[in-house]
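Read the structure below first, then the notes.
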Amino acid sequence: SEVDVNDVVAAVVDSMELQLQKRNAAINLNLNAGKSIIYGDELHLSNVIYNLVDNANKYSGEIPKINISTRNTGKHLIIEVADEGIGMTKDQTKRIFDQFYRVPTGNLHDVKGFGLGLNYVQDIINQMGGTIKVHSEKDKGTVFEISLPLNHN
Ligand code: ATP
Ligand code: MG
């Protein structure tokens, strides 16, 4: 079915207010994709956004700074979730989409997790015909970029 990505992003961030506040997170939304309708499942896409924002919030220091943006290239809808958190090395980023993989030093604040979130995220995005990429630098931050095919109409 048709899903408005900007609406989904806004709703997910709204629903996470308490857990973001708990960590004093600063959230910046740049929903620049004018038209953001894609074909997919709204619940699954919500879970995808939730997992990325949850990670950005968890794997950051004192005050998480999270930037979420959307843009429309004409062919693809791009969703970016960026943080200025603990980051990862190249070798670590290669493994984060594997089931049960967690970066050993990711437990700075005793962060709990199963290492399943990103495996699910990649599965869903691939099922929607999209791709997900990650860029990360240790102690600098991490950016996840999702690209989804736009509906033709
Ligand atoms: P859960 O199953 O609850 O999501 P998780 O967060 O550990 O558990 P993933 O979301 O799959 O699992 O992430 C895998 C690992 O990748 C994390 O344990 C963490 O080490 C690393 N990671 C994920 N996102 C980030 C990020 N934004 N910054 C730094 N490290 C990250
Ligand atoms: Mg996670």
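Using UniProt numbering, the first residue of the sequence shown is number 461, and each one after it goes up by one.
C-beta: ideal position from N, C-alpha, C; glycine also.
Coarse secondary structure for residue i, derived from DSSP in three states
{"i": "N613", "result": "With a pLDDT of only 49 at N613, under the threshold of 50, the placement of this residue in the model should not be trusted; the figure read from the coordinates follows. Three-state DSSP puts N613 in coil, outside helix and strand."}
{"i": "N492", "result": "coil"}
{"i": "A470", "result": "helix"}
{"i": "T553", "result": "helix"}
{"i": "L608", "result": "strand"}
{"i": "V513", "result": "helix"}
{"i": "I523", "result": "coil"}
{"i": "D501", "result": "coil"}
Supposed contact pair residue j and residue i - C-beta distance, whole angstroms, cut 8 Å
{"i": "D599", "j": "G534", "result": "Not really, about 36 Å apart at Cβ, beyond 8 Å."}
{"i": "T530", "j": "N492", "result": "6 Å"}
{"i": "I606", "j": "G590", "result": "6 Å"}
Counted within 10 angstroms of its Cβ, other Cβ atoms place residue i as buried (16 or more) or exposed
{"i": "residue 636", "result": "Since the first residue shown for the chain is 461 and the last is 613, residue 636 is missing from the structure and cannot be characterised."}
{"i": "Q559", "result": "exposed"}
{"i": "T549", "result": "exposed"}
{"i": "Y587", "result": "Sequence check: residue 587 is Gln here, not Tyr. Under this definition Q587 is an exposed residue."}
{"i": "A485", "result": "buried"}
{"i": "Q481", "result": "exposed"}
Euclidean distance between Cα positions of residue i and residue j
{"i": "N563", "j": "D551", "result": "It is Val, not Asn, that sits at residue 563 in the sequence shown. C-alpha separation (whole angstroms): 10 Å."}
{"i": "residue 438", "j": "N511", "result": "Here the chain covers residues 461 to 613 and nothing more, so residue 438 does not appear."}
{"i": "N613", "j": "K495", "result": "Caution applies to N613, whose pLDDT of 49 falls short of 50 and renders its modelled position unreliable; the model cannot decide the point."}
{"i": "V468", "j": "Y561", "result": "28 Å"}
{"i": "V601", "j": "K525", "result": "The sequence shown places Gly at residue 601, rather than the Val named in the question. Cα to Cα, G601 sits roughly 10 Å from K525."}
{"i": "I509", "j": "Q479", "result": "15 Å"}
{"i": "F557", "j": "E597", "result": "17 Å"}
{"i": "L505", "j": "L489", "result": "17 Å"}
Meets three-Cβ-pair contact criterion under 8 Å: the region 540-554 and the region 513-526: yes
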